[in-house]
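Take a look at the structure below.
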Amino acid sequence: MSNNKVPQYDNDQVEKLASHIKAIIELLGEDPNREGLIKTPQRAAKALIDNTSGYATDGGQLIKQALFTHSGDQMVIVKDIEFYSLCEHHILPFFGTISIGYIPDGEIVGLSKLARVVESQARRLQVQERLTGDICDIVNNNIKNKGVIVVCEAAHMCMKMRGIEKQETTTVTIEYCGGFKDIAMQQQFFNLIKLKKQ
Ligand SMILES: [Zn+2]
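In our numbering, the protein residues as written are 1 to 198.
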């Protein structure tokens, strides 16, 4: 997901993280002073800060900045929003796509805000179940609606690289409320998110 702003780092935070990462490199039996690793602690520190930058963003505020009145009440879907997150159990990436649907009740949100809500919740230490549920709650609590549904499909590096090494496994999680408790509404949502990419 694009983030056009050049990140501003807190140097104190970078250096503290870097000192711990250097210690980890040593504990793994590597030489942190060899050429390829000499700047790794700082680079890895900045990567960790980037990948957890969602803590600084309030998803509800993102939505409130871009609400518009709307008289229609047909389903709105933003599908296949790419995300990258860190599993809180192993601090290894999990990544995939999220599709969000909601039924407006007097207002709609600028569509890019939904992608930014996904990013704000993904860039943290997470589990996929909570990521899915939190996005559903944020949309439900900040847009007047008659129903919200969120589906997340992801691959977990902690499953692919270690442990059971199930290379092709993906995990699907779903959360919904309001009108999406109705099976026919869910079916309509699933039919629409299956549509071919343009
Ligand atoms: Zn994990």
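Cβ coordinates follow ideal geometry from the N, Cα and C atoms, glycine included.
Ligand 1 heavy atom lying under 7 Å from the CB of residue i
i: L125; result: no
i: C158; result: yes
i: C87; result: yes
i: L92; result: yes
Strand pairing of residue i, partner residues [DSSP]
i: H70; result: Bridge partners of H70: none, in fact.
i: G147; result: G178
i: T171; result: A154
i: S85; result: F94
i: P104; result: N145
i: V76; result: Y102
i: V109; result: L67
i: L125; result: L86
Contact set for residue i: own chain, Cβ-Cβ below 8 Å, skip 5 residues either direction
i: G179; result: I103, K146, G147, M185
i: L192; result: M75, I77, K79, G101
i: M161; result: L92
i: E26; result: P32
Sequence-distant residues of its chain with Cβ nearer than 7 Å to residue i (five each side left out)
i: T171; result: Q128, A154, H156
i: K64; result: N142
i: F94; result: S85, C87, Q128, A154, A155, H156, M157
i: F46; result: Position check: residue 46 holds Lys in this sequence, whereas Phe was assumed. Result list for K46: Y9, V14, in chain order.
i: Q167; result: K160
Candidates the options, of which the one nearest residue i by Cα
i: F68; options: L111, V78, E82, I77; result: L111
i: T169; options: Y176, C177, M159; result: M159
i: F189; options: P32, Y55, S85, I100; result: I100
i: G72; options: Y55, A44, V109, D182; result: V109
i: A44; options: Q187, I21, N33, T57; result: I21
i: Q126; options: L37, L195, G59, T52; result: T52
i: C55; options: I25, V117, I91, I38; result: According to the sequence provided, residue 55 is Tyr. The question's Cys does not apply to it. Checked all of I25, V117, I91, I38; the closest Cα to Y55 is V117.
i: D58; options: S120, R124, I135; result: S120
Same chain, Cβ closer than 6 Å to residue i, neighbours up to 5 away in sequence not counted
i: I149; result: G101, Y176, F180, F189
i: V151; result: S99, I174
i: K113; result: L62, I63, A66
i: P41; result: A18, I21, K22
i: G202; result: What is shown of the chain runs 1 to 198, which leaves residue 202 out entirely.
Segment contact flag, the segment 90 to 105 with the segment 129 to 143, C-beta cutoff 8 Å, min 3 pairs:
yes
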